[in-house]
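Trainee: For reference, the structure I am asking about is given below.
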Amino acid sequence: MTNSRLHAAIALGAALIVVAFVALVPSVPPASAESQAQRICREQGIAPRSDGYEYCLSQATRALYWGEPALARSFARVAVSAREACLGSGLQPQTTGFQACFDRETYARGLMVHADAAPEYGPQIADHP
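The numbers in our numbering rise by one with no breaks, and the one at position 50 of the sequence shown is 113.
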């Protein structure tokens with residue numbers, strides 16, 4: 064075997080080893096639904112440990128588990144708008160009155176989010192044996 068053929072065989076073998084290594088290396092897993100929900104809540108201006116953060120985090124995480132990132136963002140906006148509405152009515156954060164207002168506002172605004180969402184129909188029970 065000549066030197067050029069030997070070098071070509073070595074280069075081909077090295078390339079095949081690199082390709083096999085890349086194929087076998089596990090891909091980087093996507094961020095968890097909770098970490099994505101935390102990011103969405105922060106992007107909407109809801110800081111951790113603030114009023115509305117737990118609501119935003121729970122609803123956004125649930126929507127991401129369902130595979131609905133747009134719905135997660137909608138619920139983050141619900142938390143922001145409910146918080147602003149309660150602050151606008153003169154209630155102080157960290158009070159029971161504020162929490163009651165926030166609960167009412169998020170419930171009502173959350174219903175509107177669900178009402179605006181297009182229905183998705185799954186398999187019908189009657190279609191299955």
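Even for Gly, the Cβ is constructed at its ideal location relative to N, Cα and C.
Just checking my contact of T124 with V141 at CB under 8 Å: how many whole Å lie between their CB atoms?
Mentor: With a Cβ gap of about 14 Å, T124 and V141 do not count as contacting.
Trainee: Compute the beta-carbon to beta-carbon distance between A145 and R172, rounded to the nearest angstrom, for a pair I have assumed lies under 8 Å.
Mentor: With a Cβ gap of about 6 Å, A145 and R172 count as contacting.
Trainee: Look up P156 in the DSSP assignment and say whether it is helix, strand or coil.
Mentor: DSSP places P156 in coil when its eight states are reduced to three.
Trainee: Hey, could you find the ends of the alpha helix (DSSP H) A139 is sitting in?
Mentor: Start and end: P132 to G151.
Trainee: Could you name the residues of the same chain whose beta carbon sits closer than 7 Å to that of G108, not counting the 5 residues immediately before and after it, in chain order?
Mentor: V143, listed in sequence order.
Trainee: Sort A83, F165, G76 and R136 by Cα distance to R105 and report the nearest one.
Mentor: Cα-wise, what sits closest to R105 is R136.
Trainee: Let me know the secondary structure DSSP gives G115 once reduced to three states.
Mentor: Note: G115 maps to coil in three-state DSSP.
Trainee: Quick one: Cα of L120 to Cα of V81, how far?
Mentor: Distance between the alpha carbons of L120 and V81: 42 Å.
Trainee: Using three-state DSSP, classify G76 as helix, strand or coil.
Mentor: DSSP places G76 in helix when its eight states are reduced to three.
Trainee: What separation, rounded to the nearest whole angstrom, lies between the Cα atoms of Q155 and A148?
Mentor: In a straight line, the C-alpha of Q155 is about 12 Å away from that of A148.
Trainee: When you compare only the Cα positions, how much space is there between A100 and A126?
Mentor: Those two C-alpha atoms are separated by around 9 Å.
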